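Student: My numbering puts the sequence shown at residues 53 to 649. Handing you this structure, nothing more for now.
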Amino acid sequence: MNHSSTAEGAALAVSEKSLASGITGRTDPRAVLAARVEQLYGQMWLGILTTFAIGAIATFELWELRLRELVLFWWGLVLLITAASAGLLYAYRSRRDKEADPEQWLRWLGIAALAAGANWGFAGAVFFPSHTDEQQVFLAFLLTGMTAAGIPVYAASWPIFALYAAGALAPFTYVLATFGNRLFTEIALLVPMFYAINVAIAYRLTQVFHSGYRLRHAYGRLTRDYSVLNQRLERQLVELDEARRQVEASGRKLQLFAERAPIAVLELDANGAITEVNHAAELLFGYAGGELIGRHFSFLVRPEHHDEFKARWKRIAESHASEAGVIRNTRRDGIDLLCEWTVTPLVNREGTIIAVVAQGRDITAQREAERIKKEFTSTLSHELRTPLTSIIGSLQLVNTGIVGDVPPDVSELTVVAERNSQRLLDLINDLLDIEKMESGKLTMAPEVLAIDEVVREAMVLNKAFGERFKVNFEMQSGLPGSEVTADRKRLLQVMTNLLSNAAKFSPEGGAVEIALRENGSNVRVAVQDRGPGIPESFRSRIFGRFAQADSTATRQKGGTGLGLAICKRLVELMHGKIGFEARAGGGTTFWFELPRS
Ligand code: ADP
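This is the structure in structure tokens:
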């Protein structure tokens, strides 16, 4: 509001200034000249009409008394001058460029005025020396009358009037002075004075015209300024109204959000007293809104956390920044709640906190779930994996015959037991890996490795697994000497997964080909099989968790649907990428790339 009122004030001040400068300051001299020319031509027809009418009356009066040829000649002059002036007026009115050359038009008008004045001067000089007094009085009256009539007609430019009057009075004065009569000589002396006074009056009128013009000009500017100002004000008003409506709408929306939000929203004053609560806050603490409003927020905080709460409140009050954190609250029934709060101060322009909005969420259940999950993971890892590893170890001892021969039917069973225990252990390991990944605890131990060697090692390690499916691993093209920076154990894990998948899905007696090649700044490892390929519909989900194309086949072949998801994450953690493509002639090529070191 302050801001806009200063803007209005400034606009008004500008208008006042432009008025003052319009009246007292300098105006564009060409614009003044153009206006003056317009004014002069505007009343020119009056001069033409008067010249014609008075000329006709004078001709009529002189007709009987004077030499007719001379009177006719003079009348011809009157007609010529009025016609030429009318022509000039017509030319001015129909000119194309209204702005162009006002000086030229003024000059033409000066010539026309001089001609008209000289015409009256001619009449005075030729017809005045007469025998009858009446005629002389008539002529003198005519001349003075016509001179005086020139004042208003040429008021906008005193030099033109001066020209006109000089044309009319000079010959007449000369005739009076040389007439030889004392009275006329005295009158001849008076006429220049009379002329000077008339020119002075014309000069004053020109000044008046000028200031009138300036006033009109200033007024025009002021009107323009005001209309601009008005438009601006109107626009601002419309904008303000729109803004108000928007603020109201978003206020309503916000209120609705707060009321319906599943999280507790409390509005506090700058001291921490509750001023407003939403329904979720009532539910969370077990109090009705009315019971909460007016009380200090700290009564909802467990006493042993009061100091911490005070410290946080102080920080918010000082920094004006919002703060997030977990606090132990108490419900009406005395039960403890672990709540996650986001506290945001609302600060006005002057930097004062006008309110504080606290948004809270009960995370007691979530923390409990996290605890249970942790417990489960540790159960998996210790209570299941450890005994399982020792079961597998024992079964391996039995199956390899180290502890002595066992009857073939028992051996059959112990082989199945070992295989299934291994599957169980794989599943547990995968689950633990996934859990680690999700909690961000999966770390890498990177070292510079000869990729060719690691791949060959993985092939040896998985040879026995391949043989189970009657599948051979063959190195198609190695890459000796190429090095990558990676975690050895994790790289073997990725390879094991790709090799075991290829073996599982290859037809019996088939070969899985491994190819290494450089691809720009990366090393690409490709594992190619002749299996059934990846169905189109499954391709987008293949790297997801628990993703399996066909659960019956998988059940036969073993697997959890976690392997590729783990591979993808591991390869990414080693700054590489993983993918697959259909192999020409059937089968799939799974590949991963790691940056060369
Ligand atoms: P699993 O432990 O089940 O093998 P993976 O994540 O490694 O889990 O594989 C997910 C699914 O992707 C498999 O169940 C299978 O349907 C498909 N798959 C993986 N590798 C191949 C392959 N080489 N050929 C055909 N299908 C494959």
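Virtual Cβ for every residue (Gly too), placed ideally from N, Cα, C. Everything numeric in this text was worked out from a predicted model, so none of it was measured.
1. Just reading off the alpha helix (DSSP H) that residue 427 is part of, what are its end residues?
2. Which word fits residue 199, buried or exposed, when buried means at least 16 other C-beta atoms lie within 10 angstroms of its C-beta?
3. Verify the contact flag: residue 583, CB atom, against every heavy atom of the ligand ADP, threshold strictly below 7 Å.
4. Relative to the C-alpha of residue 612, which candidate in 589, 484 and 423 has its C-alpha closest?
5. Thinking C-beta only, is residue 503 closer than 8 Å to residue 464?
6. Enumerated in chain order, which unbroken segments of the alpha helix (DSSP H) with a length of 4 residues or greater are wholly contained in the segment 529-576?
7. Does DSSP put residue 404 in a helix, in a strand, or in coil?
8. Thinking C-beta only, is residue 614 closer than 8 Å to residue 597?
9. I want to check one thing, is the minimum distance from the CB of residue 614 to the heavy atoms of the ligand ADP below 7 Å?
10. Within 7 Å: the Cβ of residue 601 and any heavy atom of the ligand ADP?
11. Would you tell me roughly how many angstroms separate the C-alpha atoms of residue 355 and residue 332, rounded to the nearest one?
12. Three-state secondary structure (DSSP) at residue 326?
13. For residue 375, which beta-bridge partners are listed by DSSP?
14. Does DSSP classify residue 627 as helix, strand or coil?
15. Tell me which residue opens and which closes the beta strand (DSSP E) that residue 640 is part of.
16. Roughly how many angstroms separate the alpha carbons of residue 51 and residue 641, rounded to a whole number?
17. Name the one or two DSSP bridge partners that residue 348 has.
18. Indicate, with yes or no, if the ligand ADP has a heavy atom lying under 7 Å from the CB of residue 342.
19. Closer than 7 Å by C-beta to residue 443: which residues in its own chain qualify, once you throw out the five before and the five after it? Chain order, please.
20. Contact defined as beta carbons within less than 8 Å: I believe residue 193 pairs with residue 129. What is the distance between those atoms, to the nearest angstrom?
21. Would you kindly work out how many angstroms separate the C-alpha atoms of residue 549 and residue 619, rounded to a whole number?
22. Taking the Cβ atom as the reference point for each residue, do residue 365 and residue 377 lie within a distance shorter than 8 Å?
23. From residue 411 to residue 299, what distance separates their C-alpha atoms?
24. So what's residue 117 in DSSP terms, helix, strand or just coil?
Tutor: Taking the coordinates as given:
1. As a first step, residue 427 must be located in the sequence shown, where it is residue number 375. Start and end: 416-430.
2. Position 147 of the sequence shown holds residue 199. Residue 199 is buried by the Cβ-count criterion.
3. Taking the first residue of the sequence shown as 1, we reach residue 583 at position 531. Yes, the Cβ of residue 583 comes within 7 Å of a heavy atom of the ligand ADP.
4. Within the sequence shown, the letter at position 560 stands for residue 612. Per the Cα distances, 484.
5. The residue you call residue 464 lines up with position 412 of the sequence shown. The residue you call residue 503 lines up with position 451 of the sequence shown. No, these two residues do not count as a Cβ contact at 8 Å.
6. 540-557
7. Taking the sequence shown and counting its residues from 1, one reaches residue 404 at position 352. Of the three classes helix, strand and coil, the one that applies to residue 404 here is coil, per DSSP.
8. Indexing the sequence shown from 1 puts residue 597 at position 545. Indexing the sequence shown from 1 puts residue 614 at position 562. In this structure, residue 614 lies closer than 8 Å to residue 597 by Cβ.
9. Against the sequence shown, residue 614 aligns to sequence position 562. Yes; taking the cut-off as 7 Å, the Cβ of residue 614 has a heavy atom of the ligand ADP nearer than that.
10. Counted from its first residue, the sequence shown places residue 601 at position 549. Yes - the ligand ADP has a heavy atom lying nearer than 7 Å to the Cβ of residue 601.
11. Position 303 of the sequence shown, counted from the first residue, corresponds to residue 355. Position 280 of the sequence shown, counted from the first residue, corresponds to residue 332. So the alpha carbons of these two residues sit roughly 23 Å apart.
12. For the purposes of this step, residue 326 is taken as residue 274 along the sequence shown, with counting starting at 1. DSSP places residue 326 in strand when its eight states are reduced to three.
13. Residue mapping note: residue 375 aligns to position 323 of the sequence shown, counting from 1. Looking at the DSSP assignment, residue 375 forms a beta bridge with 395.
14. Here residue 627 is taken as the residue at index 575 of the sequence shown, counted from 1. In this structure, residue 627 counts as coil in the three-state DSSP scheme.
15. Within the sequence shown, the letter at position 588 stands for residue 640. Segment 640-647, the beta strand (DSSP E) holding residue 640.
16. The question about residue 51 has no answer, for the chain in this structure spans 53 to 649.
17. Looking up residue 348 in the sequence shown gives position 296. For residue 348, which the question treats as bridged, DSSP gives the partners 325.
18. The count along the sequence shown starts at 1 and reaches residue 342 at position 290. It does not: the Cβ of residue 342 is nowhere closer than 7 Å to a heavy atom of the ligand ADP.
19. On the sequence shown, position 391 is the one that residue 443 refers to. Excluding residues within five positions, the ones whose Cβ falls inside 7 Å are 473.
20. Mapped onto the sequence shown, residue 193 falls at position 141. Mapped onto the sequence shown, residue 129 falls at position 77. So it is not a contact: roughly 20 Å between Cβ atoms.
21. Along the sequence shown, one-based indexing puts residue 549 at 497. Along the sequence shown, one-based indexing puts residue 619 at 567. C-alpha separation (whole angstroms): 8 Å.
22. Along the sequence shown, one-based indexing puts residue 365 at 313. Along the sequence shown, one-based indexing puts residue 377 at 325. Not a contact, by the Cβ cut-off of 8 Å.
23. Start at 1 with the first residue of the sequence shown, and residue 411 comes out as number 359. Start at 1 with the first residue of the sequence shown, and residue 299 comes out as number 247. Going by the C-alpha atoms only, they are around 22 Å apart.
24. Working through the sequence shown from its first residue, we reach residue 117 at position 65. Coil at residue 117, not helix or strand.
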